[in-house]
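Asks: Quick one: the structure is below, questions incoming.
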């Protein structure tokens with residue numbers, strides 16, 4: 006929606022994001038700004054461009070096509086093809102009354118966001134442009150954005166934005182020195198210094214009302230929720246803790262109030278809980294479920310969870326009664342030695358028990374598998390295949406299977422020498438290899454195909470796959486091309502998203 010007069014800030018979301026429900030980050034920011042007395046409007050460029058493009062380019066919004074947005078040449082080609090639609094967006098931004106434009110930057114929207122910011126700064130150099138979000142947290146990430154945008158970001162906000170953005174607008178209105186805030190980095194003076202972020206108190210954050218969105222633009226009959234932030238896990242390949250800080254839960258009464266508000270105002274009863282671990286605090290989760298039941302809310306919901314021993318039949322039956330229909334477990338590997346190296350909280354045995362208990366409670370089970378963590382040899386990989394075969398009767402869907410990416414600023418990235426990881430100059434995050442060449446990109450791709458073959462053999466639904474475009478899935482029924490596989494996966498995801506939402 007376009008801003009009205011008196012707008013303090015225009016929040017912008019670039020693609021790719023889901024098309025089922027509005028982006029959660031800008032929604033949280035807008036509601037909390039309104040609570041502090043500021044008028045924020047949102048322009049969801051993601052949905053605007055999706056509705057503008059046609060043909061094969063619509064496939065770029067599939068989860069499996071994320072890498073296309075990370076490729077500068079492909080983004081440039083997309084921008085050339087849809088120049089008129091993008092220029093229309095720039096014109097809306099340039100002619101808005103908002104003195105500040107804030108962009109939510111996530112992986113993988115950095116390149117197209119930076120292109121827009123560069124063009125916008127040329128069009129209206131007096132406008133203050135700020136970036137925030139997960140892809141602005143590290144100094145290297147911000148330097149990358151500045152290089153792509155020709156130094157067009159005026160400020161970055163790091164860490165959680167609900168309170169920091171309020172302070173930014175207060176200082177901006179009073180012409181104070183904004184960059185003195187620990188969470189604010191000046192675009193032309195971004196020093197690589199450690200900043201101690203204090204995670205927000207979840208009792209002080211208002212849940213989003215989504216009043217800034219025209220809901221007719223979204224195809225879903227569900228809403229995204231957050232019941233907690235952070236994660237109790239310390240997986241070496243993950244940035245969750247560095248992005249969000251320690252694990253915190255929202256007050257139960259606030260969660261119930263939000264569910265009631267959304268149900269009454271938008272007439273929805275399906276929800277997707279976006280928490281990294283909905284069961285990070287088992288007692289809190291149980292209390293939420295009890296209150297949902299006690300209030301007679303009659304909702305359904307799905308979530309991601311850790312395969313902990315606390316996932317008992319009793320807790321899972323309570324969750325089922327409260328409307329939980331699907332849990333996604335980050336199993337990643339069936340090898341205890343690999344799980345330990347990853348920093349996972351579960352053993353293969355614990356994971357298997359959680360899967361079985363969940364299925365027996367009548368909750369659909371989806372899992373994630375991560376191929377190729379350093380130390381995974383053929384023996385350990387065989388244990389993963391054996392795990393899949395053993396627990397196939399309890400697994401409804403392989404939600405995601407991917408090869409390990411060595412992501413910047415993760416614990417693994419900081420310890421690559423310890424793991425014997427070599428980063429090549431070209432595509433280092435994907436094409437890394439171990440010094441002894443026992444773990445290479447080609448080997449990981451082959452193992453990924455074997456996972457898909459086993460899953461296909463046992464009739465488990467396939468969700469997101471991250472095979473290279475030149476790869477193919479070998480199954481007992483022959484060779485399934487990657488594009489065919491991704492189309493099949495996307496059909497399933499869209500069908501599922503129609504019931505429970507879209508987490509992309």
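Numbering (my numbering), first residue to last: 6 to 509.
Think of the CB as a built atom: it goes at the ideal place given N, C-alpha and C, for glycine as much as any other residue.
Source: prediction; values computed, not measured.
1) Out of curiosity, what's the CA-to-CA distance linking residue 483 and residue 391?
2) Pairs of beta-carbons, one from the segment 207-219 and one from the segment 180-197, closer than 8 Å: are there three or more?
3) Looking at residue 309: is its Cβ nearer than 9 Å to the Cβ of residue 335?
4) Measure the beta-carbon distance from residue 143 to residue 341 and round it to whole angstroms, keeping in mind my assumption that it falls under 8 Å.
5) Quick one: what's residue 373 bridged to in DSSP?
6) State the DSSP-derived secondary structure class of residue 347, mapped to helix, strand or coil.
7) Check whether the Cβ atoms of residue 114 and residue 19 sit closer than 9 Å, and answer yes or no.
8) Does the Cβ of residue 318 have 16 or more other Cβ atoms within 10 Å, making it buried, or fewer, making it exposed?
9) Is residue 149 near residue 135, with beta carbons less than 9 Å apart?
10) Is the CB-CB distance between residue 412 and residue 418 below 9 Å?
11) Quick one: grab the DSSP three-state call for residue 306.
12) By Cβ distance below 8 Å, which residues in the same chain neighbour residue 223 in space, the five residues on each side in sequence not counted?
13) Quick check on residue 275: does DSSP put it in helix, strand or coil?
14) What span of residues does the alpha helix (DSSP H) with residue 120 cover, start to end?
15) Per DSSP, what are the beta-bridge partners of residue 424 in this structure?
16) Determine the contact status of residue 95 and residue 46, defining contact as a CB-CB distance below 9 Å.
17) Measuring only the C-alpha atoms, how far is residue 190 from residue 84?
18) I'd like to know whether the C-beta atoms of residue 205 and residue 263 end up nearer to each other than 9 Å.
19) Short check: CB of residue 109 to CB of residue 16, under 9 Å?
20) May I have a chain-ordered list of the alpha helix (DSSP H) segments no shorter than 4 residues that lie completely inside the segment 225-298?
21) Could you tell me which residues DSSP pairs with residue 135 in its beta bridges?
22) For residue 469, which beta-bridge partners are listed by DSSP?
23) What first and last residue would you give for the alpha helix (DSSP H) that runs through residue 324?
24) Write down the C-beta distance between residue 375 and residue 399 rounded to the nearest angstrom, noting that I regard them as a contact closer than 8 Å.
25) Whole angstroms is fine: what's the gap from residue 125's alpha carbon to residue 290's?
26) Run the CB neighbour count on residue 450, radius 10 Å, all protein chains shown included, and call it buried at 16 or more, exposed below.
27) Taking contact to mean 3 or more Cβ pairs, one atom from each stretch, closer than 8 Å, check whether the segment 435-448 and the segment 33-48 are in contact.
28) On the DSSP letters alone, give me the boundaries of the alpha helix (DSSP H) that residue 387 sits inside.
29) Which residue from 140, 366, 103 and 100 puts its Cα closest to that of residue 112?
30) Would you mind sorting residue 288 into buried or exposed? The rule is 16 or more other CB atoms within 10 Å of its CB.
31) Between the Cα of residue 231 and those of 247, 285, 132 and 454, spot the shortest distance and give me the residue it belongs to.
32) Out of curiosity, what's the CA-to-CA distance linking residue 372 and residue 338?
33) Is the number of C-beta pairs between the segment 299-308 and the segment 320-331 that are closer than 8 Å three or more?
34) Using three-state DSSP, classify residue 15 as helix, strand or coil.
35) Whose C-alpha, out of 42, 349, 105 and 55, is nearest the C-alpha of residue 243?
36) Are residue 274 and residue 302 close, meaning C-beta to C-beta below 9 Å?
Replies: Reading from the atomic positions:
1) Position 478 of the chain shown, counted from the first residue, corresponds to residue 483. Position 386 of the chain shown, counted from the first residue, corresponds to residue 391. Bear in mind that a pLDDT of 37 at residue 483, under 50, signals an unreliable position, so the number given afterwards is only what the model happens to contain. The straight-line gap from Cα to Cα measures roughly 22 Å.
2) Touching, no, given that fewer than three Cβ pairs across the two stretches are closer than 8 Å.
3) On the chain shown, position 304 is the one that residue 309 refers to. On the chain shown, position 330 is the one that residue 335 refers to. Cβ distance < 9 Å, so residue 309 and residue 335 count as in contact.
4) Position 138 of the chain shown, counted from the first residue, corresponds to residue 143. Position 336 of the chain shown, counted from the first residue, corresponds to residue 341. The beta-carbon distance between residue 143 and residue 341, rounded to whole angstroms, is 32 Å. This is too long to meet the 8 Å contact definition.
5) On the chain shown, position 368 is the one that residue 373 refers to. Paired residues: 405.
6) For the purposes of this step, residue 347 is taken as residue 342 along the chain shown, with counting starting at 1. Helix.
7) Here residue 114 corresponds to residue number 109 of the chain shown, with the count starting at 1. Here residue 19 corresponds to residue number 14 of the chain shown, with the count starting at 1. In this structure, residue 19 lies closer than 9 Å to residue 114 by Cβ.
8) Here residue 318 is taken as the residue at index 313 of the chain shown, counted from 1. Per the 10 Å Cβ criterion, exposed.
9) As a first step, residue 149 is located in the chain shown; it is residue number 144 there, counting from the start. As a first step, residue 135 is located in the chain shown; it is residue number 130 there, counting from the start. No.
10) For the purposes of this step, residue 412 is taken as the residue at position 407 of the chain shown. For the purposes of this step, residue 418 is taken as the residue at position 413 of the chain shown. Yes, they are a contact pair.
11) The residue labelled residue 306 in the question sits at position 301 within the chain shown. Reduced to three states, the DSSP call for residue 306 is strand.
12) To locate residue 223, count along the chain shown from 1; it is residue 218. Cβ within range, chain order: 24, 25, 26, 27 and 52.
13) Start at 1 with the first residue of the chain shown, and residue 275 comes out as number 270. In this structure, residue 275 counts as strand in the three-state DSSP scheme.
14) As a first step, residue 120 must be located in the chain shown, where it is residue number 115. Note, residue 120: alpha helix (DSSP H), 115-128.
15) The residue given as residue 424 occupies position 419 in the chain shown. Answer is none; residue 424 lacks a bridge partner.
16) The count along the chain shown starts at 1 and reaches residue 95 at position 90. The count along the chain shown starts at 1 and reaches residue 46 at position 41. It is not a contact, given that the beta carbons lie outside the stated cut-off.
17) Here residue 190 refers to the residue found at position 185 when the chain shown is read from its first residue. Here residue 84 refers to the residue found at position 79 when the chain shown is read from its first residue. In a straight line, the C-alpha of residue 190 is about 29 Å away from that of residue 84.
18) Reading the chain shown from its first residue, position 200 is the one you call residue 205. Reading the chain shown from its first residue, position 258 is the one you call residue 263. For residue 205 and residue 263, no; Cβs fall outside 9 Å.
19) Counting from one through the chain shown, the residue named residue 109 turns up at place 104. Counting from one through the chain shown, the residue named residue 16 turns up at place 11. For residue 109 and residue 16, yes; Cβs fall inside 9 Å.
20) 245-249 and 257-271
21) Position 130 of the chain shown, counted from the start, is the residue given in the question as residue 135. Partner(s): 107 and 160.
22) The residue labelled residue 469 in the question sits at position 464 within the chain shown. Partner(s): 405.
23) Position 319 of the chain shown, counting from 1, holds the residue named residue 324. Residue 324 -> alpha helix (DSSP H) spans 318-326.
24) Mapped onto the chain shown, residue 375 falls at position 370. Mapped onto the chain shown, residue 399 falls at position 394. Not quite, the Cβ-Cβ distance comes to about 20 Å (not below 8 Å), so this is no contact.
25) Stepping through the chain shown from its first residue, residue 125 is reached at position 120. Stepping through the chain shown from its first residue, residue 290 is reached at position 285. Each residue's Cα considered, the two are about 44 Å apart.
26) As a position in the chain shown, residue 450 is number 445, starting the count at 1. Buried.
27) no
28) As a working mapping, residue 387 is identified with position 382 in the chain shown. Counting along the chain, the alpha helix (DSSP H) containing residue 387 begins and ends at 383-396.
29) Taking the chain shown and counting its residues from 1, one reaches residue 112 at position 107. The residue with the shortest Cα to Cα distance from residue 112 is 140.
30) Stepping through the chain shown from its first residue, residue 288 is reached at position 283. So residue 288 counts as exposed.
31) For the purposes of this step, residue 231 is taken as residue 226 along the chain shown, with counting starting at 1. Nearest C-alpha to residue 231: 285.
32) Residue 372 sits at position 367 when you count from the first residue of the chain shown. Residue 338 sits at position 333 when you count from the first residue of the chain shown. Going by the C-alpha atoms only, they are around 10 Å apart.
33) Inter-segment contact for the segment 299-308 and the segment 320-331 is present: three or more beta-carbon pairs are separated by less than 8 Å.
34) By one-based count along the chain shown, residue 15 stands at place 10. It is a strand residue.
35) On the chain shown, position 238 is the one that residue 243 refers to. Of the candidates 42, 349, 105 and 55, the one whose C-alpha sits nearest the C-alpha of residue 243 is 349.
36) On the chain shown, residue 274 is found 269 positions in, with the first residue counted as 1. On the chain shown, residue 302 is found 297 positions in, with the first residue counted as 1. Closer than 9 Å, so yes.
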